[in-house]
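Q: This is the structure I have questions about; it appears just below.
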């Protein structure tokens, strides 16, 4: 998957006493009960298991028959994966092609055969994940009305990206089956993505959305871009609190990259500040806005790092309830952060950047 598609992956992002259900096929499922109101989550592993079945037969020297391929191509995970990849190809000319023949070639490749044992072990490890705990961490940073309804697909596929799909109709989280990802990291990723889904179910409120819809187009766009800090909110939720390192369960190289990026916090902060001012002043073309927004995604760029630091600063200063209020009304986020930072900077040797006064005034006027 190309960078443009990966950036778009990150953008797309009735109360039930749900069950967390692990499904290897539509015919046979085992359930892990959940006592969380507003949560209904299923982990569907049929695509990955069908691929592993083919790899096992190939390794044993057994023939791979048409029935094996039909089991794969009829799996829920593959059908939805193919639907999504087909849409990406239609949207972006540079996207990698995807069809049954191409996927067959991938499954029968020597490279995938070498990874069979690691993939099988990883799938079994992920099945032991505590999905209820992941949902609980997400709900802790959402309003009480939030609901989480999702299907989670660990998939074996050519691209190494993970993404969300059809959030409005049948929310799905596709996670690339990565043998380097531990059960704990898998749970962390689930909590992150489940926070996005819970956010869409509850934020903004109908009244807030109506008020924003009446604002000038440039102000609406700026408020929309501020919503990208949701990546930082989700990182905080997935970690479990402001005193837990966002990459406490990640590999050392991921943690080191995050720490390097956080060292550039103030500089990255000012880049986003300038971008939002430019949006409000109508200085950017539509394409330039999109490209600048996407440039702040990266692997975990400023929408993540700055968003996380802002969230932590607000929560530690004013409490989690205030942070959730800001999460659900983007207009309040920047001025609330500036107030929190004023207190932080007086009490600490760390000097955090603040949003420019003109930007704050424009956003504040829109929420008055």
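In the numbering used here, the protein residues as written are 42 to 409. The C-beta atom is built at its ideal place from N, Cα and C for all residues, glycine as well.
#1: Quick check: what's the CA-CA separation for residue 336 versus residue 109?
#2: What distance in whole Å lies between the Cβ atoms of residue 174 and residue 228, which are believed to be in contact at a cut-off of 8 Å?
#3: Quick check: what's the CA-CA separation for residue 305 versus residue 373?
#4: Does residue 182 come out as helix, strand or coil in the three-state DSSP assignment?
#5: For residue 365, which option in 388, 230, 120, 180 has the closest C-alpha, if you only look at C-alpha atoms?
#6: Between which two residues does the beta strand (DSSP E) carrying residue 206 extend?
#7: Please confirm whether residue 157 and residue 96 have their CB atoms less than 9 Å apart.
#8: State the DSSP-derived secondary structure class of residue 402, mapped to helix, strand or coil.
#9: Between which two residues does the alpha helix (DSSP H) holding residue 243 run?
#10: Given a cut-off of 9 Å on the beta-carbon distance, is the pair residue 236 and residue 275 in contact?
#11: How many whole angstroms separate the CB atoms of residue 379 and residue 264, which I take to be in contact at a CB cut-off of 8 Å?
#12: Within 10 angstroms of its Cβ, does residue 72 collect 16 or more other Cβ (buried), or is it exposed?
#13: Classify residue 385 as buried or exposed, calling it buried when 16 or more other Cβ atoms lie within 10 Å of its own Cβ.
#14: Rounded to whole angstroms, what is the Cα-Cα separation between residue 89 and residue 259?
#15: Under 6 Å Cβ to Cβ from residue 343, same chain only, skipping five residues before and after it: list those, please.
#16: Do you know how far the Cα of residue 348 is from the Cα of residue 212?
#17: Exposed or buried, residue 226, counting other C-beta atoms within 10 Å across all chains shown (16 or more means buried)?
#18: Quick check: what's the CA-CA separation for residue 383 versus residue 404?
#19: Pick from 200, 222, 101, 145: whose alpha carbon is nearest that of residue 163?
#20: In whole angstroms, what separates the C-alpha of residue 300 from that of residue 341?
#21: DSSP has residue 81 in a bridge; who is on the other side?
#22: How long is the line joining the alpha carbons of residue 360 and residue 282, rounded to whole angstroms?
#23: Can you give the Cα-Cα distance for residue 140 and residue 152, rounded to whole angstroms?
#24: By alpha-carbon positions, which one of 165, 127, 124 ends up nearest to residue 93?
#25: For residue 159, is the classification buried or exposed, using 16 other Cβ atoms within 10 angstroms of its Cβ as the cut-off for buried?
A: Walking through what the data contain:
#1: 42 Å
#2: About 6 Å; that satisfies the 8 Å criterion.
#3: 25 Å
#4: coil
#5: 180
#6: 204-206
#7: yes
#8: Helix.
#9: 224-243
#10: yes
#11: The pair is not a contact, with the Cβ atoms about 16 Å apart (cut-off 8 Å).
#12: Low confidence applies to residue 72: its pLDDT is 32, below 50, so where it sits in the model is not reliable enough to give any reading.
#13: buried
#14: Cα to Cα, the separation comes out at about 45 Å.
#15: 309, 313, 337
#16: 24 Å
#17: buried
#18: 18 Å
#19: 222
#20: The alpha-carbon of residue 300 is positioned some 11 Å away from that of residue 341.
#21: 190
#22: Just so you know, the alpha carbons of residue 360 and residue 282 end up roughly 11 Å apart.
#23: 19 Å
#24: 165
#25: Result: exposed.
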